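Numbering (the numbering used here), first residue to last: 1 to 99. A virtual CB, placed ideally from N, CA and C, is assigned to each residue, including glycine. A quick note: this is a predicted structure, and the numbers were derived from the prediction, not measured.
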């Protein structure tokens, strides 16, 4: 199974589970979802990852620690995959190998 269908199957499972955390509209144009996340939760894009040639995932995070993950296709359609609270931007320290 490729990663894109897995992402969208996960999104469908999460969205049908009736998560307790308030959600913006679950699917729609990427720009509308991003605007909704900014207006309702003050979330801004924090990270992006390429799933395949047609799909990317983005993490939106607020200063209060709320977060939302969306998956978007090349046509600009996006769906909320998951959302929650307590985001922590852990510091990543690069280090040279011992030697």
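Counted within 10 angstroms of its Cβ, other Cβ atoms place residue i as buried (16 or more) or exposed
i, result
"residue 68", "buried"
"residue 50", "exposed"
"residue 74", "exposed"
"residue 58", "buried"
"residue 13", "Interpretation of residue 13 is limited by its pLDDT of 49, a score under 50 that renders its predicted location unreliable; the figure taken from the coordinates is listed afterwards. Exposed: under 16 other Cβ atoms inside 10 Å."
"residue 83", "buried"
"residue 96", "exposed"
"residue 70", "buried"
"residue 34", "buried"
Residue i - containing beta strand (DSSP E), residue span
i, result
"residue 78", "77-84"
"residue 71", "67-73"
"residue 97", "Taken as a continuous stretch (DSSP letters only), residue 97 belongs to no beta strand (DSSP E), as it is neither H nor E."
Which of helix, strand or coil DSSP assigns to residue i
i, result
"residue 52", "strand"
"residue 58", "strand"
Beta-bridge partners of residue i, as assigned by DSSP
i, result
"residue 47", "59"
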